[in-house]
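Peer 1: Residues in the sequence shown are numbered from 21 upward in steps of one, following our numbering.
Positions of the beta carbon are idealized from the N, C-alpha and C atoms, including for glycine.
Since this is a predicted model, take the numbers as computed values, not measurements.
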Amino acid sequence: MIFHHQSSLQSELQKNRVQNRTVGFVPTMGALHEGHLALVKKALSENQITVVSIFVNPTQFDNAGDLEKYPRTLKTDAQLLKKLDDKILVYAPNPGDLYGDNVVSKKYSFGGLEHQMEGEFRTGHFDGVGTVVNLLFRAVRPDKAYFGEKDFQQLQIIKKLVSIEKLPIEIIGCPIYREKHGLAMSSRNKRLSKVQFEEAKIICETLKWAQSNFSEKSIGELQKHVSQTFQQNPHLKLEYFEIANIDNLRPARRKRKGNTYRAFIAAYAGEVRLIDNMALN
Ligand code: PAF
Numbered sequence: 021m022i023f024h025h026q027s028s029l030q031s032e033l034q035k036n037r038v039q040n041r042t043v044g045f046v047p048t049m050g051a052l053h054e055g056h057l058a059l060v061k062k063a064l065s066e067n068q069i070t071v072v073s074i075f076v077n078p079t080q081f082d083n084a085g086d087l088e089k090y091p092r093t094l095k096t097d098a099q100l101l102k103k104l105d106d107k108i109l110v111y112a113p114n115p116g117d118l119y120g121d122n123v124v125s126k127k128y129s130f131g132g133l134e135h136q137m138e139g140e141f142r143t144g145h146f147d148g149v150g151t152v153v154n155l156l157f158r159a160v161r162p163d164k165a166y167f168g169e170k171d172f173q174q175l176q177i178i179k180k181l182v183s184i185e186k187l188p189i190e191i192i193g194c195p196i197y198r199e200k201h202g203l204a205m206s207s208r209n210k211r212l213s214k215v216q217f218e219e220a221k222i223i224c225e226t227l228k229w230a231q232s233n234f235s236e237k238s239i240g241e242l243q244k245h246v247s248q249t250f251q252q253n254p255h256l257k258l259e260y261f262e263i264a265n266i267d268n269l270r271p272a273r274r275k276r277k278g279n280t281y282r283a284f285i286a287a288y289a290g291e292v293r294l295i296d297n298m299a300l301n
C-alpha cells in the first residue's frame, strides 16, 4: 500500500498500534537494490508492521546536479516491495507533506561526528539527513529503524540524533551488500557506465588491501599506497581515504592499542560519487 500523506499513513498505523503491533521502519531514497531489500527483510522478520519510506530528500544534497540526477523509480520500487510482502506500508511523500512550507534543514551538533569525511566534503549534508530522519521518525513513530553500514557515518549520526531528539527508537545497523566484484551496492551505481562499474571495484579492493595490511603497516604507509593506487587508475578520482576510530570518527594518524578502526573512502567515477568503508581490526 502506498501512502503519499502522513495523515493517511498514521491512521493506518494507529489501527495496528491499538493491537500493540511493533513497527519496523526502513527510510530510503528509493531506487531500491538488494542492500535495501536486506534491510526490509530484517525489519519484516523482527516486527509485525514494516514501513518503508521513499523520499529523495533535497536538503541533504549540496549539489543541485546530483539531486536532479538521483534515480527516481517509485513504480519499480513499489513492485519490488510488494513481491517481498504485500503488507509493507510504503510512505512516498512530496517535500511539503514532510517539511510543510519551509524545506530547510535544522542545525544540529552531533558531538563532532558531523565534521569529518562526508561532513567535510558535503556542506550541510548531515543537517539535512538529521532533519529528514527526525521528521520521518515523527511521522512513522517506529519501534526499530534499520540503516545500512555503507553509510557508516550516517548510522553513527542517527544513533546520536535519537538521543538528541529523545526518540524511543532502536537503531539497527546492517552489513554492506556488495556486487559480485565487490563494489558496495548503491542507488548511484545505476548511473555508472559499464567501464566505470567494472573499474569501481578498486574501491573495495583497496579497502580489503588496507584491512589485510593494517597490522603491519603504519597509517601513513597505508594512505600513501591507496593514493598511489588511485592515481594509476584514470577512471576513478579519490576524494578521501581515511582511517578513523569508530567511536568519534576522527581520522587517526597513529594506531593506538584498544581502539577500533575502520577505513573510509569516497571517490568519483566520472560525475558519480561513491563511498564505502570496511572494519580494520
Ligand atoms: O541513506 C539514505 O538513503 C538517506 O540518507 C536517508 C537515511 C533515507 C535520509 O534521506
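Closer than 6 Å between the C-beta and any heavy atom of the ligand PAF: which residues qualify, listed along the chain?
Peer 2: Output, sorted by chain position: Pro47, Thr48, Met49, Asn77, Gln80, Val149, Val152, Val153, Asp171, Gln174.
Peer 1: Among residues of its own chain, excluding the 5 on either side of Lys126, which ones have a beta-carbon nearer than 6 Å to its beta-carbon?
Peer 2: Residue numbering aside, residue 126 sits at position 106 when the sequence shown is read from its first letter. Excluding residues within five positions, the ones whose Cβ falls inside 6 Å are Thr151.
Peer 1: Keeping to the same chain, check which residues put their C-beta closer than 8 Å to that of Ser238; ignore five residues upstream and five downstream.
Peer 2: As a working note, residue 238 is residue 218 in the sequence shown. Contacts found: Arg274, Lys275.
Peer 1: Starting from Lys200 and walking both ways along the beta strand (DSSP E), at which residues does that stretch end?
Peer 2: Here residue 200 is taken as the residue at index 180 of the sequence shown, counted from 1. Taken as a continuous stretch (DSSP letters only), Lys200 belongs to no beta strand (DSSP E), as it is neither H nor E.
Peer 1: Would you list the one or two residues that DSSP bridges to Ile271?
Peer 2: For this step, residue 271 is matched to residue 251 along the sequence shown. In the sequence as presented, Ile is not what sits at residue 271; that position holds Pro. DSSP output for Pro271 lists Ala264 as bridge partner(s).
Peer 1: What separation, rounded to the nearest whole angstrom, lies between the Cα atoms of Met137 and Glu259?
Peer 2: Here residue 137 refers to the residue found at position 117 when the sequence shown is read from its first residue. Here residue 259 refers to the residue found at position 239 when the sequence shown is read from its first residue. Going by the C-alpha atoms only, they are around 9 Å apart.
Peer 1: Can you tell which of Ser129, Val153, Gly131 has the C-alpha that lies nearest to the C-alpha of Pro115?
Peer 2: Along the sequence shown, one-based indexing puts residue 115 at 95. Measuring from the Cα of Pro115, the nearest candidate turns out to be Val153.
Peer 1: When you compare only the Cα positions, how much space is there between Ala287 and Asn265?
Peer 2: Looking up residue 287 in the sequence shown gives position 267. Looking up residue 265 in the sequence shown gives position 245. Taking the straight line joining both Cα atoms gives about 21 Å.
Peer 1: Ends of the alpha helix (DSSP H) at Leu242?
Peer 2: Position 222 of the sequence shown holds residue 242. Looking at the DSSP string, the run of the alpha helix (DSSP H) that includes Leu242 is 239-251.
Peer 1: For Asn297, which beta-bridge partners are listed by DSSP?
Peer 2: Here the question's residue 297 lines up with position 277 in the sequence shown. DSSP, once it has assigned bridges, lists Phe284 as partnering Asn297.
Peer 1: Excluding the five sequence neighbours on either side, which residues of its own chain have a C-beta within less than 7 Å of the C-beta of Cys224, listed in chain order?
Peer 2: In the sequence shown, residue 224 corresponds to position 204, counting from 1. Taken in chain order, the residues that qualify are Arg198, Gly202, Leu203, Ala204, Asp296.
Peer 1: State the beta-bridge partners of Phe45 as determined by DSSP.
Peer 2: Within the sequence shown, residue 45 is the residue found at index 25, counting from 1. DSSP, once it has assigned bridges, lists Val71, Ala165 as partnering Phe45.
Peer 1: Going by C-alpha distance, which of Lys164, Tyr128, Gly120, Asp117 is nearest Glu190?
Peer 2: Taking the first residue of the sequence shown as position 1, residue 190 is located at position 170. Nearest option by C-alpha distance: Lys164.
Peer 1: Quick check: the region 158-173 against the region 37-49, are there 3 or more CB pairs under 8 Å?
Peer 2: Counting Cβ pairs under 8 Å, three or more are found: they touch.
Peer 1: If the criterion is Cβ atoms closer than 8 Å, does the pair Ala51 and Thr93 meet it?
Peer 2: Against the sequence shown, residue 51 aligns to sequence position 31. Against the sequence shown, residue 93 aligns to sequence position 73. For Ala51 and Thr93, yes; Cβs fall inside 8 Å.
Peer 1: What is the C-beta distance between His24 and Asp117, in whole angstroms, given that I count them as a contact (C-beta under 8 Å)?
Peer 2: Counted from its first residue, the sequence shown places residue 24 at position 4. Counted from its first residue, the sequence shown places residue 117 at position 97. Going by Cβ atoms, the distance from His24 to Asp117 rounds to 7 Å, so yes, they are a contact pair.
Peer 1: From this set, Arg158, Ser183, Gly139, which residue's C-alpha is nearest Asp171's C-alpha?
Peer 2: Residue 171 sits at position 151 when you count from the first residue of the sequence shown. Asp171 has its Cα closest to that of Gly139, out of Arg158, Ser183, Gly139.
Peer 1: Is His255 closer than 8 Å to Val215 when the C-beta atoms are compared?
Peer 2: Within the sequence shown, numbered from 1, the residue matching residue 215 stands at position 195. Within the sequence shown, numbered from 1, the residue matching residue 255 stands at position 235. In this structure, His255 lies closer than 8 Å to Val215 by Cβ.
Peer 1: Hey, which unbroken runs of the alpha helix (DSSP H) at 4 residues or more fall wholly within the region 107-163?
Peer 2: Listed in chain order, they are 115-119, 137-141, 145-160.
Peer 1: If contacts are defined as beta-carbon pairs under 8 Å, then Ala289 and Phe261 qualify, I think. What distance do you get, rounded to the angstrom?
Peer 2: Within the sequence shown, the letter at position 269 stands for residue 289. Within the sequence shown, the letter at position 241 stands for residue 261. Ala289 to Phe261, Cβ: 15 Å. No contact.
Peer 1: Using the C-alpha atoms, what's the distance from Ser73 back to Lys102?
Peer 2: On the sequence shown, residue 102 is found 82 positions in, with the first residue counted as 1. On the sequence shown, residue 73 is found 53 positions in, with the first residue counted as 1. The straight-line gap from Cα to Cα measures roughly 14 Å.
Peer 1: Less than 8 Å separating the beta-carbons of Val46 and Leu59?
Peer 2: Translated into the one-based positions of the sequence shown, residue 46 becomes position 26. Translated into the one-based positions of the sequence shown, residue 59 becomes position 39. Closer than 8 Å, so yes.
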